[in-house]
């Protein structure tokens, strides 16, 4: 994977994680800051998705359509499974429960980004 793509992926994930961690420390007095940080995290996730699809097309070559189909299926299944998981983690929708949800998301992103960086091949 080219170094530029890997660096962009890492930077967008780090900034998105920082935004989510910052959300856990905010009080309910300033909702506009929370909206801004959440929007920034979602926007950076979108950049990461575009980066991921670009990488698939570069690396996958003529088999990119298979990889994109698998990624789409994974995303769809996770999207269907996510609401019940969040309902279990935050049944009362309190700030403390949502902080735990954000911590789990940040942890998952950090671990998967770390694994991706360990497996990097920037010789292309």
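In my numbering, the protein residues as written are -9 to 114.
Cβ coordinates follow ideal geometry from the N, Cα and C atoms, glycine included.
Exercise for the section: Give a yes or no on whether the C-beta atoms belonging to residue 41 and residue -5 are separated by under 8 Å. Expected result: yes
Exercise for the section: Could you have a look at residue 80 and say whether DSSP puts it in helix, strand or coil? Expected result: coil
Handout entry: Any 3 or more C-beta pairs closer than 8 Å across the region 77 to 94 and the region 0 to 15
Key = yes
Practice task
In the DSSP assignment, find the unbroken alpha helix (DSSP H) run with residue 17 in it and report its ends.
Solution key: Premise fails: residue 17 is in no alpha helix (DSSP H) and is neither H nor E.
Practice task
Name the residue from 15, 31, 27 whose alpha carbon lies nearest to the alpha carbon of residue 99.
Solution key: 31
Handout entry: Alpha-carbon to alpha-carbon, residue 85 and residue 103
Key = 27 Å
Problem - Reference residue -3; option with closest CA among 63, 62, 51, 45 - result: 45
Exercise for the section: Assign residue 3 to buried or exposed, taking buried as 16 or more other Cβ atoms, counted over all protein chains shown, within 10 Å of its Cβ. Expected result: buried
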